[in-house]
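Q:
In our numbering, the protein residues as written are 66 to 178.
As structure tokens, then:
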């Protein structure tokens, strides 16, 4: 059997990314869809005023907001994103994530070979 490249979703079935995670009061909830050496895909549900403290990743990170409003701070500059909007966080850039409202986002991190 081949290695499962994308997990935690039914294959060959239509689904909504935003329905894969539920916002929980005071929490950051995540579901990993892929954890391969060169690519990591995760869906997050983040309550209002919750988030992730400043950190850096080894690859470029594409964030797409699925529902609600989030704030992504990159190199000290805040960026507010609503549903359907995306931003790329460059590899190595310090960044933080915060829910302006409860929100859901897709995170795709592409790592160098």
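From the three backbone atoms N, C-alpha and C, an ideal C-beta is built for every residue, glycine too.
How many angstroms separate the CA atom of residue 121 from the CA atom of residue 157?
A: 5 Å
Q: Mind checking whether residue 116 and residue 162 have CB atoms under 8 Å apart?
A: yes
Q: For residue 159 and residue 79, I'd like the C-alpha separation in whole angstroms.
A: 35 Å
Q: Would residue 70 be called buried (16 or more neighbouring beta carbons within 10 Å of its own) or exposed?
A: exposed
Q: Which residue wins for smallest C-alpha separation from residue 139, given the options 89, 176 and 128?
A: 128
Q: Following the continuous beta strand (DSSP E) through residue 135, name the residue where it begins and the one where it ends.
A: 134-139
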